[in-house]
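Its first residue numbered -11, the sequence shown is counted upward by one per residue in the working numbering.
Heads up, the thing below is written out as structure tokens.
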Amino acid sequence: TIDKVSDALKDKPQSSVRSVATDCSIPPTTAHRIMTEYLASKPYKAQFVQQIYEEDLQDRVEMCKTLISMLEDSHMKENLFFSDVATFYVSGLVSKHNIRYWSETNRHVTIETVMNSPKLNVWCAMSKNKLLGPYFFEEDTVNGANYLLMLETFFIPEIRKLHKLRSAIFQQNGAPPHFSIDVRRY
-11 TIDKVSDALK DKPQSSVRSV ATDCSIPPTT AHRIMTEYLA SKPYKAQFVQ
39 QIYEEDLQDR VEMCKTLISM LEDSHMKENL FFSDVATFYV SGLVSKHNIR
89 YWSETNRHVT IETVMNSPKL NVWCAMSKNK LLGPYFFEED TVNGANYLLM
139 LETFFIPEIR KLHKLRSAIF QQNGAPPHFS IDVRRY
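Structure representation (structure tokens):
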């Protein structure tokens, strides 16, 4: 039975305990015990990642070095705002919470997501002690025009309320909307 469970996990490491149990004709509690105690496997979550190109690596290293030196100043942490957009798929196609890979070691599995699935885009920014957002984009895609609208009607007014218009440093991750001509001019 242990060999059957081991083979099942080798064939499909993303299998749930219940599906391994069904495939091996054993109770789920037995499958779980074999997977964890005898095979020393653990359920690791897959991580969703943005596609990064090789030419991005050096720029990222340089930015990290710059930020590390800047963050030695305690006031900098209060004025540095990190931001990002999270995409939530309305159709429920992907539930990161339910995806596990069973293995003796963390294989750092990544999953590419399906393009053009119905979704909701939500933006937030945060500093050491402040969260700005959420801001919901009405359109399916975040582009230069609606990103600029968010900056003009939401982010900058929020920064003004905090009296940080001159001191805030706004970090963006380099997505195409951040580099539109109108956004760069703003």
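Glycine included, every Cβ here is placed at the ideal spot set by N, Cα and C.
Straight-line Cα distance separating residue j from residue i
i, j, result
"GLN160", "VAL49", "16 Å"
"TYR32", "LEU153", "42 Å"
"LEU27", "ASN94", "14 Å"
"PHE69", "HIS63", "12 Å"
"ALA113", "THR24", "39 Å"
"PHE167", "GLU60", "29 Å"
"LYS(-2)", "LYS30", "13 Å"
"PHE124", "GLN46", "32 Å"
"ALA156", "ILE22", "54 Å"
"ALA163", "ARG148", "25 Å"
Spatial neighbours of residue i in its chain, beta-carbon cut-off 7 Å, leaving aside the 5 residues before and after
i, result
"ALA(-4)", "SER3, VAL8, ASP11 and CYS12"
"GLN(-6)", "Here residue -6 turns out to be Ser, not Gln, going by the sequence shown. Here the set comprises LEU27."
"GLU175", "Lying before the first or after the last residue shown, residue 175 is absent from the chain, which here runs from -11 to 174."
"LYS(-8)", "CYS12"
Residue i and residue j closer than 8 Å at C-beta
i, j, result
"ILE(-10)", "ALA34", "no"
"VAL110", "PHE143", "no"
"SER91", "PRO1", "yes"
"VAL78", "PRO122", "no"
"TYR174", "LEU139", "yes"
"LEU136", "VAL171", "yes"
Same chain, Cβ closer than 6 Å to residue i, neighbours up to 5 away in sequence not counted
i, result
"HIS20", "VAL5"
"THR17", "none"
"VAL97", "ALA34 and TYR89"
"GLU146", "LEU120"
Cβ-based neighbour list, residue i, same chain, cut-off 8 Å, excluding 5 preceding and 5 following
i, result
"ILE169", "GLY132"
Say whether the stretch 28 to 48 touches the stretch 124 to 140, bearing in mind that this needs 3 or more beta-carbon pairs closer than 8 Å, one atom from each stretch.
-> no
Does the stretch 110 to 125 come within contact of the stretch 51 to 59, defined as at least 3 CB pairs closer than 8 Å?
-> no
Completely contained beta strand (DSSP E) runs for the stretch 62 to 145, where each covers 3 or more residues | 68 to 77, 88 to 91, 107 to 114 and 119 to 125
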